[in-house]
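J.:
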Amino acid sequence: MMGSFQELCRQITKQMQAKTPLIIAIDGPCGGGKTTLATRLHQEFPDSVMIHADDFFLQPHQRTPERLAEPGGNMDRERLEQDVLQQLQSRRAFLYHRFDCQKNKMMSLQFEPASLVIVEGSYSLHPAISRYYDLKVFLDTDAGTQLQRLAKRVPAAMLPRFLKEWIPKEMAYFQHFNIKENSDIVLSL
Numbered sequence: 023m024m025g026s027f028q029e030l031c032r033q034i035t036k037q038m039q040a041k042t043p044l045i046i047a048i049d050g051p052c053g054g055g056k057t058t059l060a061t062r063l064h065q066e067f068p069d070s071v072m073i074h075a076d077d078f079f080l081q082p083h084q085r086t087p088e089r090l091a092e093p094g095g096n097m098d099r100e101r102l103e104q105d106v107l108q109q110l111q112s113r114r115a116f117l118y119h120r121f122d123c124q125k126n127k128m129m130s131l132q133f134e135p136a137s138l139v140i141v142e143g144s145y146s147l148h149p150a151i152s153r154y155y156d157l158k159v160f161l162d163t164d165a166g167t168q169l170q171r172l173a174k175r176v177p178a179a180m181l182p183r184f185l186k187e188w189i190p191k192e193m194a195y196f197q198h199f200n201i202k203e204n205s206d207i208v209l210s211l
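Here the sequence shown stands for residues 23 to 211, numbered as in the working numbering.
And the structure:
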């Protein structure tokens, strides 16, 4: 269902009356506005916390040809599931580990319970973990807008890699698993 930011906020408010923590995921193409939307939701719902899928990049030893050939295989969804998603219902604080690509090492982060948990990032709606979400949001964008946003965000030397590697991998994942079609709400920013 196509929606608006206001409609998404109404849906979240309604669902939070019946269940907390409410766990939502925002997926979509790079440069689509996932982090921007998550930040806006975090501002709208102060008792919320964001989990970034980018913190679950594969570590170098996990980047096998077989894994990278899987649709959605270049995210450590197993670690996201074990370290975060399985822990959320406890409503307790816990530590989880993010992979810092710049330092090439794992870093510990403290999770504090909140009424709304926003998981944002590419591959966050992978079918292997989508059962944990109460609301699935797909953020759509056209190729021109995506390219403009990426050109502002990434170094020029990295843009060809996005065009030749990352964007095609995302598109294959979206199509293979019908991510947009299986989402509860589709937005465009």
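Glycine residues also receive a C-beta, built at the ideal position from the N, C-alpha and C atoms.
All values derive from a computational prediction rather than experimental measurement.
How many whole angstroms separate the CB atoms of Ser-137 and Ser-70, which I take to be in contact at a CB cut-off of 8 angstroms?
T.: At roughly 7 angstroms, the Cβ-Cβ gap stays under 8 angstroms, so Ser-137 and Ser-70 are in contact.
J.: Whose CA, out of Glu-187, Val-208, Ala-75, Gly-50, lies closest to the CA of Ala-91?
T.: Considering only alpha carbons, the answer is Glu-187.
J.: What do you get for Thr-35, buried or exposed, if any count of 16 or more other CB atoms within 10 angstroms of its CB means buried?
T.: Classification of Thr-35: exposed, given that the 10 Å Cβ count is below 16.
J.: Identify, in the order they occur along the chain, each residue of the same chain with its Cβ nearer than 6 angstroms to the Cβ of Pro-93, setting aside the five sequence neighbours on each side.
T.: Here the set comprises Ala-194, Tyr-195, His-198.
J.: Leu-110 and Val-139 - do their beta-carbons sit closer together than 7 angstroms?
T.: Yes. Within cutoff.
J.: Quick check on Met-128: buried or exposed, where buried means 16 or more other Cβ atoms within 10 Å of its Cβ?
T.: Answer is exposed; the Cβ neighbour count stays below 16.
J.: Of the choices Ala-165, Asp-164, Ser-146, Thr-163, whose alpha-carbon is the least far from that of Asp-156?
T.: Of the listed residues, the one whose Cα sits closest to Asp-156 is Ser-146.
J.: So what does Leu-209 bridge to, in DSSP terms?
T.: Leu-209 is bridged to Leu-161.
J.: Alpha carbons only, please: which of Gln-84, Pro-82, Thr-58, Phe-79 is nearest the one belonging to Met-72?
T.: Nearest C-alpha to Met-72: Thr-58.
J.: How many whole angstroms separate the CB atoms of Leu-107 and Ile-151, which I take to be in contact at a CB cut-off of 8 angstroms?
T.: Between Ile-151 and Leu-107 the Cβ distance is about 6 angstroms, and since that is below 8 angstroms, they are a contact.
J.: Tell me whether Ser-227 is buried or exposed, calling it buried when 16 or more other Cβ atoms sit within 10 Å of its Cβ.
T.: No information on residue 227 is available, as it lies outside the stretch 23 to 211 that the chain covers here.
J.: Which whole-angstrom value describes the C-beta separation of Arg-113 and Leu-131, a residue pair presumed to lie in contact below a C-beta threshold of 8 angstroms?
T.: Not really, about 18 angstroms apart at Cβ, beyond 8 angstroms.
J.: Given a threshold of 16 other Cβ atoms within 10 Å of its Cβ, counted over all protein chains shown, does Arg-85 qualify as buried or as exposed?
T.: Exposed, since its Cβ has fewer than 16 Cβ neighbours within 10 Å.
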